[in-house]
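Numbering (our numbering), first residue to last: 10 to 251.
Using N, Cα and C, we set each Cβ at its ideal position, and we do this for glycine too.
All of these numbers come straight from a predicted model, not from anything done at the bench.
Below: one structure, written as structure tokens.
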Amino acid sequence: MEKIFGRSESLRDVSTHYCPGCGHGIAHRLVAEIIDELGIRQKVIAIAPVGCAVIAYDYWDFDCCEAAHGRACAVATAIKRVRPQNIVFTYQGDGDLAAIGTNETIHAANRGENITVVFINNAIYGMTGGQLAPTTLIGQKASTAQKGRVAKEHGYPLKISEILASLPAVKYVERVSLHSPQEILKTKKALKQAFQNQIAGAGFSLVEILSPCATYWGMSPKAALDWIRDVLSKEFPLGRIK
10 MEKIFGRSES LRDVSTHYCP GCGHGIAHRL VAEIIDELGI RQKVIAIAPV GCAVIAYDYW
70 DFDCCEAAHG RACAVATAIK RVRPQNIVFT YQGDGDLAAI GTNETIHAAN RGENITVVFI
130 NNAIYGMTGG QLAPTTLIGQ KASTAQKGRV AKEHGYPLKI SEILASLPAV KYVERVSLHS
190 PQEILKTKKA LKQAFQNQIA GAGFSLVEIL SPCATYWGMS PKAALDWIRD VLSKEFPLGR
250 IK
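Written out as structure tokens, the structure is:
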């Protein structure tokens, strides 16, 4: 029988530690497939920060570097400037990138650093216990907002992609999702574009991925996918922003 699908060379043969219904495993696979397809595995350096995303280096079989919480874009900037021949990307959750790391993210984008940023938005803090994140929706419950997010108390969900797209040095920003096979294919296409931009020396690229967190949303895996389609993507519209 002809083999038509298999594990990418850039993925390690290990069991997942992620919760049932988590989107990180899908995102990991897409990144690995793209790196293999582009033939850049020996040149890639991934930056994994704190949060659920920190364990990415256990799954990817290429060079990875861990950054302090929120500092992934700063670390990526340093590595890319010292080793411009490498393909450097960050893989960050919404708490890391859009909360403690907002400063590093915005200034790396404003400088037009030639790096690729993979931004996983699940609208909640995952690893640390389901706390309110910058991307948590109005009315959405969290362990630190048990009656739901209130705008006057917590502010509004932060649309980091729209903010970064307004900066003149940013080359490419797109928001995609993992809630269906069709959207996963679009996600892969966007990620590939972001890596190709860096290879071409085009500048800063960010792909925001709406990803399910069934555990801290208090939903079944299927319901979490439906919630992205019916609710989360209404607050964070899908498509190319810049």
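For the 7 angstroms CB-CB criterion, isoleucine 54 and valine 97 form a contact. The alpha-carbon of alanine 118 is positioned some 23 angstroms away from that of alanine 65. Here the stretch 208–219 makes no contact with the stretch 20–30; the two share fewer than three CB pairs at distances below 8 angstroms.
Nearest in C-alpha terms to valine 63, of all of Leu187, Gln191 and Asp105, is Asp105. Going by C-alpha positions, glycine 30 is about 11 angstroms away from tyrosine 225. In this structure, alanine 87 sits away from glutamine 101, with a CB-CB distance that is not shorter than 7 angstroms. Aspartate 235: not part of any beta strand (DSSP E); member of the alpha helix (DSSP H) spanning 230–236, first to last residue.
If only uninterrupted alpha helix (DSSP H) runs of at least 4 residues are considered, those enclosed by the stretch 157–186 are 160–163 and 169–174. Between the alpha carbons of isoleucine 237 and alanine 178 lies a gap of roughly 30 angstroms.
Under the three-state reduction of DSSP, valine 91 is assigned to helix. Scanning its chain for C-beta atoms nearer than 8 angstroms, with the 5 sequence neighbours on each side dropped, one finds around glycine 248 the residues Glu183 and Arg184, in chain order. Within the stretch 28–82, the complete beta strand (DSSP E) runs of at least 3 residues fall at 53–57 and 72–75. In the DSSP assignment, isoleucine 208 falls within the unbroken alpha helix (DSSP H) covering 190–208.
With contacts defined by Cβ atoms closer than 7 angstroms, methionine 136 and cysteine 61 form a contacting pair.
Under DSSP, phenylalanine 14 forms no beta bridge with any residue. Within 10 angstroms of the beta-carbon of valine 159 lie fewer than 16 other beta-carbons, which makes it exposed.
Taking C-alpha positions only, serine 17 is separated from tyrosine 181 by approximately 26 angstroms. Counting the other Cβ atoms within 10 Å of the Cβ of asparagine 112 gives fewer than 16, which makes it exposed.
Contact annotation: the stretch 198–212 touches the stretch 33–50, with at least three C-beta pairs closer than 8 angstroms.
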